[in-house]
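Just below is one structure, and these are the notes that go with it.
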Amino acid sequence: MRRWYYGLIPLVLLATGLVLVGWSGSPDRPGDHHTITIHFSRFEPAEVTVRAGQPVTFELRNEDPIEHEWLVGDELVHWAHRLGTEPYHDEIPTEVTIPAFETKTTVVSFDKPGEYAFICHLPGHEAYGMRGVVTVVE
Amino acid sequence: MRRLMTAVLALMLATFGSPQLVDACAGLIGSNGAVNLGRTTTLAAYHNGVEHYVTSFEFLGGGGEFGTLIPLPGVPSNVERGGAWTLQRLILETDPPPVFRAEALAGAASADEAEVLLEVRIDALDVTVLKGGAESVAAWATEHGFRLSPDAPEVLDFYAERSPIFLAAIFDGDAAAERGQQVGDGTPVHITIPTTNPWVPLRILGLGKQADDRVEADVYLLTDRRPSLLPAPREGMALTHSEPATRSLLDDLRSDEGMEWIPASAWLTKLSIDAAASDMTYDLAVDASGQNQPSRRAAGLEVASADQDDLLDWILGGIAASMLGLGVFTGLVVRKRS
Numbered sequence: 001m002r003r004w005y006y007g008l009i010p011l012v013l014l015a016t017g018l019v020l021v022g023w024s025g026s027p028d029r030p031g032d033h034h035t036i037t038i039h040f041s042r043f044e045p046a047e048v049t050v051r052a053g054q055p056v057t058f059e060l061r062n063e064d065p066i067e068h069e070w071l072v073g074d075e076l077v078h079w080a081h082r083l084g085t086e087p088y089h090d091e092i093p094t095e096v097t098i099p100a101f102e103t104k105t106t107v108v109s110f111d112k113p114g115e116y117a118f119i120c121h122l123p124g125h126e127a128y129g130m131r132g133v134v135t136v137v138e
Numbered sequence: 139m140r141r142l143m144t145a146v147l148a149l150m151l152a153t154f155g156s157p158q159l160v161d162a163c164a165g166l167i168g169s170n171g172a173v174n175l176g177r178t179t180t181l182a183a184y185h186n187g188v189e190h191y192v193t194s195f196e197f198l199g200g201g202g203e204f205g206t207l208i209p210l211p212g213v214p215s216n217v218e219r220g221g222a223w224t225l226q227r228l229i230l231e232t233d234p235p236p237v238f239r240a241e242a243l244a245g246a247a248s249a250d251e252a253e254v255l256l257e258v259r260i261d262a263l264d265v266t267v268l269k270g271g272a273e274s275v276a277a278w279a280t281e282h283g284f285r286l287s288p289d290a291p292e293v294l295d296f297y298a299e300r301s302p303i304f305l306a307a308i309f310d311g312d313a314a315a316e317r318g319q320q321v322g323d324g325t326p327v328h329i330t331i332p333t334t335n336p337w338v339p340l341r342i343l344g345l346g347k348q349a350d351d352r353v354e355a356d357v358y359l360l361t362d363r364r365p366s367l368l369p370a371p372r373e374g375m376a377l378t379h380s381e382p383a384t385r386s387l388l389d390d391l392r393s394d395e396g397m398e399w400i401p402a403s404a405w406l407t408k409l410s411i412d413a414a415a416s417d418m419t420y421d422l423a424v425d426a427s428g429q430n431q432p433s434r435r436a437a438g439l440e441v442a443s444a445d446q447d448d449l450l451d452w453i454l455g456g457i458a459a460s461m462l463g464l465g466v467f468t469g470l471v472v473r474k475r476s
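In order, the protein sequence lines correspond to chains S and G. Here this note's numbering is used: the first residue of the first sequence is 1, the next is one more, and so on. Here this note's numbering is used: the first residue of the second sequence is 139, the next is one more, and so on.
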């Protein structure tokens with residue numbers, strides 16, 4: 001006689017699999033909270049997707065023994081910072097200095113869809129690869 | 139049994155191209171391109187369980203302080219002024235037209251988390267030997283006013299895993315000027331390091347450089363017998379001399395100040411480094427014991443352990459895929475039976 005709960009087996013297995021997929025480094029998707037880790041002078045992840053018009057919390061964890069910056073914006077913003085001399089950033093949500101081994105949190109809202117680079121503009125850091133991108137979608 | 143000599147050494151010193159650009163806050167390993175490593179020359183010899191590093195720091199003018207960090211295979215028992223012309227004599231031995239270029243390092247003294255093991259002032263050069271992990275040494279340097287380049291965290295970690303000993307050398311430009319030192323004058327330093335595992339730090343030569351920048355250095359090895367090297371000479375690291383050291387060379391070296399340790403016989407090897415900074419991902423392991431087994435670990439060639447997070451992702455991803463597949467299969471089977 002067929003046991004009635006046999007039919008639940010595939011459902012349980014499928015559900016478990018889907019949960020694990022969610023845990024295992026799922027692809028980036030829009031969200032309102034993102035943690036970006038800085039390790040060996042690299043942003044991890046280097047690509048983040050958010051929705052336009054919504055406040056997004058960025059938790060910036062610096063695991064390096066040296067200071068870094070997280071400055072996000074369009075190319076004009078980065079052009080200005082490449083020539084800038086500001087030693088510290090802590091007044092604008094899109095411009096954050098993260099001292100060694102510290103974590104900073106900032107909330108940013110992107111009004112328009114598009115791609116906005118985040119870069120560390122300390123001398124030599126961008127050339128070394130400290131660059132990522134926030135993709136803003138509708 | 140008598141310890142095989144091997145030797146050598148190497149090092150890296152950094153030549154700070156434009157110390158003036160470093161400003162008041164000393165630049166530990168240039169992070170903005172203002173500091174450029176020039177060609178360096180170093181001798182490291184290994185005899186009776188003691189490694190001898192002889193290198194020179196060149197005064198390039200300007201004021202303020204500047205310098206660099208050097209990883210060491212062990213705790214030095216002594217740091218002193220080196221022989222006056224040892225490096226020049228080596229160059230004369232292998233390269234007839236002597237063109238001496240050694241360069242400056244940097245560092246500073248005192249410790250917070252990093253432990254200061256030794257502090258020595260040699261002319262206008264302040265040398266500090268530190269013991270600590272990459273993080274504490276980097277923190278110490280930062281707290282002493284130096285700005286580390288973006289590759290420093292990874293490079294220091296690369297070394298700290300094998301040896302927690304670093305040498306920081308600070309060139310006091312003001313003091314050098316007061317002493318009447320001229321641009322180009324070198325300060326030879328002799329570091330004596332008891333160790334059973336000599337190796338030559340090469341990767342550090344690329345510290346603070348851009349990926350395409352060139353790393354140029356001459357490394358002299360003086361060992362009891364012909365050494366086995368890892369990695370073997372390759373593109374960017376040419377073996378330009380490998381012969382028994384001449385008696386005249388050894389006699390000359392032995393007659394220089396503080397060089398009485400030079401053995402009666404030895405094998406002289408010279409390696410010329412000329413590679414892109416991005417290619418300098420290794421150190422030089424030296425085995426002159428006759429075993430021909432230079433350490434992969436000492437050369438920095440051990441495969442890095444997989445990142446745990448990535449590994450977990452792979453495991454969970456694999457399990458998930460298996461579960462999904464099994465779920466679909468089971469569903470099909472149950473359906474077929476029903």
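Glycine included, every Cβ here is placed at the ideal spot set by N, Cα and C.
Residue environment, residue i, which counts as buried when at least 16 other CB atoms sit within 10 Å
{"i": "K112 of chain S", "result": "exposed"}
{"i": "P99 of chain S", "result": "exposed"}
{"i": "Q54 of chain S", "result": "exposed"}
{"i": "S41 of chain S", "result": "buried"}
{"i": "A349 of chain G", "result": "exposed"}
{"i": "H185 of chain G", "result": "buried"}
{"i": "L345 of chain G", "result": "buried"}
{"i": "L76 of chain S", "result": "exposed"}
{"i": "A240 of chain G", "result": "At A240 of chain G, the pLDDT of 31 sits below 50, so the modelled position is not reliable; the number obtained from the coordinates is stated separately. Buried is the call here."}
{"i": "N62 of chain S", "result": "buried"}
{"i": "L175 of chain G", "result": "Here the model assigns L175 of chain G a pLDDT of 39, short of 50, so the residue's position is not dependable, and the following value carries that caveat. L175 of chain G should be labelled buried."}
{"i": "Q226 of chain G", "result": "buried"}
{"i": "Y88 of chain S", "result": "exposed"}
{"i": "S194 of chain G", "result": "buried"}
{"i": "R285 of chain G", "result": "buried"}
{"i": "P27 of chain S", "result": "Note that P27 of chain S scores a pLDDT of 44, beneath 50, so its modelled location is shaky and nothing firm can be said."}
Helix, strand or coil at residue i [DSSP, three-state]
{"i": "S393 of chain G", "result": "helix"}
{"i": "I203 of chain S", "result": "Chain S is shown only over 1 to 138; residue 203 of chain S falls outside these bounds and no answer can be derived."}
{"i": "L439 of chain G", "result": "coil"}
{"i": "F101 of chain S", "result": "coil"}
{"i": "D351 of chain G", "result": "coil"}
{"i": "R147 of chain S", "result": "Look at the range of chain S in this structure, 1 to 138, and you will see that residue 147 of chain S is not part of it."}
{"i": "L76 of chain S", "result": "helix"}
{"i": "S416 of chain G", "result": "helix"}
{"i": "D210 of chain G", "result": "Contrary to the premise, residue 210 of chain G reads as Leu rather than Asp in this sequence. L210 of chain G falls in the strand class under three-state DSSP."}
{"i": "D289 of chain G", "result": "coil"}
{"i": "S403 of chain G", "result": "coil"}
{"i": "Y88 of chain S", "result": "coil"}
{"i": "G165 of chain G", "result": "At G165 of chain G, the pLDDT of 30 sits below 50, so the modelled position is not reliable and the matter cannot be decided from this model."}
6 Å CB neighbourhood of residue i in its chain, flanking five on each side removed
{"i": "H328 of chain G", "result": "V192, E218, G220, G396"}
{"i": "T333 of chain G", "result": "E189, P211, G212"}
{"i": "L215 of chain G", "result": "Here residue 215 of chain G is Ser; the residue named in the question, Leu, does not match the sequence. Result list for S215 of chain G: T330, P332, in chain order."}
{"i": "E102 of chain S", "result": "N62"}
{"i": "K408 of chain G", "result": "T232, Y358, T378, H379"}
{"i": "S366 of chain G", "result": "D425, N430, P432"}
Close Cβ partners of residue i (< 7 Å) along its chain, the five nearest in sequence each way excluded
{"i": "K104 of chain S", "result": "L60, V96, I98"}
{"i": "M418 of chain G", "result": "L340, R341, L343, G344, V353"}
{"i": "G73 of chain S", "result": "T94, Y116"}
{"i": "L294 of chain G", "result": "A272, V275, A276"}
For residue i: DSSP bridge partner residues
{"i": "V424 of chain G", "result": "G:L367"}
{"i": "Y128 of chain S", "result": "Answer by DSSP bridge pairing: none, since Y128 of chain S is not bridged."}
{"i": "Y358 of chain G", "result": "G:L181, G:K408"}
{"i": "E281 of chain G", "result": "E281 of chain G is not bridged to any residue."}
Contact with chain G by residue i, beta-carbon distance below 8 Å
{"i": "A80 of chain S", "result": "no"}
{"i": "A46 of chain S", "result": "no"}
{"i": "F146 of chain S", "result": "Nothing can be reported for residue 146 of chain S: it is not among the residues displayed for chain S, which extend from 1 to 138."}
{"i": "A117 of chain S", "result": "no"}
{"i": "Y88 of chain S", "result": "no"}
{"i": "G124 of chain S", "result": "yes"}
{"i": "I36 of chain S", "result": "no"}
Below-8 Å beta-carbon distance, residue i vs any chain S residue
{"i": "Q348 of chain G", "result": "yes"}
{"i": "P302 of chain G", "result": "no"}
{"i": "L286 of chain G", "result": "yes"}
{"i": "E299 of chain G", "result": "no"}
{"i": "T180 of chain G", "result": "no"}
{"i": "T280 of chain G", "result": "yes"}
{"i": "A276 of chain G", "result": "yes"}
{"i": "A423 of chain G", "result": "no"}
Spatial neighbours of residue i in its chain, beta-carbon cut-off 8 Å, leaving aside the 5 residues before and after
{"i": "S301 of chain G", "result": "P209, L210, P211, G212"}
{"i": "H121 of chain S", "result": "E69, L71, H78, H81, R82, G84"}
{"i": "P93 of chain S", "result": "T106, V107, V108"}
{"i": "G129 of chain S", "result": "S41, R42"}
{"i": "D64 of chain S", "result": "I38, H39, F40, S41, A100, F101"}
{"i": "P113 of chain G", "result": "Chain G is shown from 139 up to 476; residue 113 of chain G falls before or after that span and cannot be answered."}
{"i": "I66 of chain S", "result": "S41, A100"}
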